[in-house]
Amino acid sequence: MSGLEEQAQRFAEDLTDTVRQAIDECDPFRAQSLADGSRFVVEQQEPHGVPLRVKGAPLLSLKIKFDCCLDGQDKYLAVEKSTIKVYAGSKASGEPLFRYEYERYPVGNIPVAHIHFHAHRDAFTAAMVRAGKTTTRGSRRAKNNGVPTMSELHFPVGGHRFRPSLEDVLEMLIEEFGIDHSDDFRVALRRGRKDWRSKQTKAVVRDDPHSAIEALEAMGYAIQLKSGITGPSTHIDRLEQL
Amino acid sequence: MASVIPEIFSRQAAERRRHEILVQVGDAHRFRERGEAYELNADELVLYDELLTLDYLLGG
Chain A
0 MSGLEEQAQR
10 FAEDLTDTVR
20 QAIDECDPFR
30 AQSLADGSRF
40 VVEQQEPHGV
50 PLRVKGAPLL
60 SLKIKFDCCL
70 DGQDKYLAVE
80 KSTIKVYAGS
90 KASGEPLFRY
100 EYERYPVGNI
110 PVAHIHFHAH
120 RDAFTAAMVR
130 AGKTTTRGSR
140 RAKNNGVPTM
150 SELHFPVGGH
160 RFRPSLEDVL
170 EMLIEEFGID
180 HSDDFRVALR
190 RGRKDWRSKQ
200 TKAVVRDDPH
210 SAIEALEAMG
220 YAIQLKSGIT
230 GPSTHIDRLE
240 QL
Chain B
0 MASVIPEIFS
10 RQAAERRRHE
20 ILVQVGDAHR
30 FRERGEAYEL
40 NADELVLYDE
50 LLTLDYLLGG
């Protein structure tokens, strides 16, 4: 089995385990390739999407696909494109409610990771009124006599360390709405984004020094703790929090 | 821990399957346009997703 095949297999198994541990039922993800093995597609097995149920009745369906290849070093699995689409109903069809996407090489100046909201608010409302009561927010929504609105929903965007920056929002507004801007806005925003992400990279290393050490050693570094210093711990909560 | 067995196809088999789908959907160009515009029903969407998978694997 080639390096990419093995990594794609493990990736598909990890995704399957993740979904099963969250919602109990899920057929194993598929990992498909041609014989030359230079690309893999990892996606859910259910052709109409993974069913998401409330008290056993389908409410939503989830379609997940990752287009994979080897990274620039020809060593690690890299995702060229990923889509996670949420549809109303038991079978994915027409427009999703929303979709999370990532494109390694996007066409045009779009964010490499982004969310598209398709649904008219009524489609969201229709799903929300049928939401289950097994969570705090679901239960609160069920008790509320008013009409639920899209603005109540919280869409995750990267947690503590990988959240969008102000530069991201400004660039999006300029690109998508043609907001008045300076001639060199892109240079300024990219510089600010780089500063932000560099700071966050250092913060991420402080959160999870062991993963940082593993990555650096794989790159050829030899990492040593100064004598007399206690090895740092991992901030599990920062890594796990939604 | 789930167990996944990678599915490996020959290039010829993938091209054959892509051709089958394109014949089945009729006007391939229009089908792709409808797919990009999210106008497909559930069964059409299954074919469209399979077509995109084959496109990517075949480098098209």
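Line order of the protein sequences matches chains A and B. Those letters in the first sequence? Residues 0 to 241, by numbering that gives the first Met the number 0. Those letters in the second sequence? Residues 0 to 59, by numbering that gives the first Met the number 0. Where is the CB? At the ideal position from N, CA and C, for every residue including glycine. Computed from a prediction, not measured in an experiment: that's the story for all the values here.
CB residue i to CB residue j, shorter than 7 Å?
{"i": "A:GLY48", "j": "A:ALA77", "result": "no"}
{"i": "A:ASP206", "j": "A:ARG162", "result": "no"}
{"i": "B:TYR47", "j": "B:LEU53", "result": "no"}
{"i": "A:GLU102", "j": "A:LYS74", "result": "no"}
{"i": "A:ARG140", "j": "A:ALA202", "result": "no"}
{"i": "A:VAL41", "j": "A:ALA7", "result": "yes"}
{"i": "A:LEU51", "j": "A:PHE28", "result": "no"}
{"i": "B:LEU57", "j": "B:ALA12", "result": "no"}
{"i": "A:ASP66", "j": "A:GLU45", "result": "no"}
{"i": "A:HIS113", "j": "A:GLU94", "result": "no"}
{"i": "A:LEU58", "j": "A:ARG120", "result": "no"}
{"i": "A:LEU188", "j": "A:GLU170", "result": "yes"}
{"i": "A:VAL53", "j": "A:GLY145", "result": "no"}
{"i": "A:GLU12", "j": "A:GLY36", "result": "no"}
Measuring only between beta-carbons, confirm whether residue i sits less than 7 Å from chain B.
{"i": "A:GLN8", "result": "yes"}
{"i": "A:THR15", "result": "yes"}
{"i": "A:ASP73", "result": "no"}
{"i": "A:ASP179", "result": "no"}
{"i": "A:ASP66", "result": "yes"}
Under the three-state reduction of DSSP, which class applies to residue i: helix, strand or coil?
{"i": "B:GLU6", "result": "strand"}
{"i": "A:PHE184", "result": "helix"}
{"i": "B:HIS18", "result": "helix"}
{"i": "A:ALA77", "result": "strand"}
{"i": "A:ASP16", "result": "helix"}
{"i": "A:ILE109", "result": "coil"}
{"i": "A:ILE173", "result": "helix"}
{"i": "A:ILE228", "result": "coil"}
{"i": "A:MET149", "result": "helix"}
{"i": "A:PHE161", "result": "coil"}
{"i": "A:LYS132", "result": "coil"}
{"i": "A:SER1", "result": "coil"}
{"i": "B:ASP54", "result": "helix"}
{"i": "B:ALA36", "result": "coil"}
{"i": "A:TYR220", "result": "coil"}
{"i": "B:GLY25", "result": "coil"}
Per DSSP, what are the beta-bridge partners of residue i in this structure?
{"i": "A:TYR99", "result": "A:ILE83, A:ILE114"}
{"i": "A:SER32", "result": "A:PHE39, B:ILE7"}
{"i": "A:ALA56", "result": "A:VAL53"}
{"i": "A:LYS242", "result": "The structure shown has nothing for residue 242 of chain A, since chain A only spans 0 to 241."}
{"i": "A:LEU69", "result": "A:LEU76"}
Please confirm whether residue i has its beta-carbon closer than 7 Å to some beta-carbon of chain A.
{"i": "B:LEU46", "result": "no"}
{"i": "B:GLU35", "result": "no"}
{"i": "B:ARG10", "result": "yes"}
{"i": "B:GLU6", "result": "yes"}
Determine the chain C residues that contact residue i at a beta-carbon separation under 7 Å, and present them in chain order.
{"i": "A:ALA11", "result": "Absence of chain C from the displayed structure is noted, the protein chains being A and B."}
### Message
So if I threshold CB-CB distances at 8 Å, which residues from the segment 22 to 49 of chain A count as touching chain B?
### Response
PRO27, PHE28, ARG29, ALA30, GLN31, SER32, LEU33, ALA34, ASP35, GLY36, ARG38, PHE39, VAL40, GLU42, PRO46, HIS47
### Query
What residues in the segment 88 to 106 of chain A bring their beta carbon closer than 7 Å to a beta carbon of chain B?
LYS90, ALA91, SER92, GLY93, GLU94
### Message
Tell me which residues of the segment 104 to 126 of chain A have at least one Cβ-Cβ distance to chain B shorter than 8 Å, keeping chain order.
### Response
HIS117
### Residues in the segment 20 to 35 of chain B having any Cβ partner in chain A nearer than 8 Å
none
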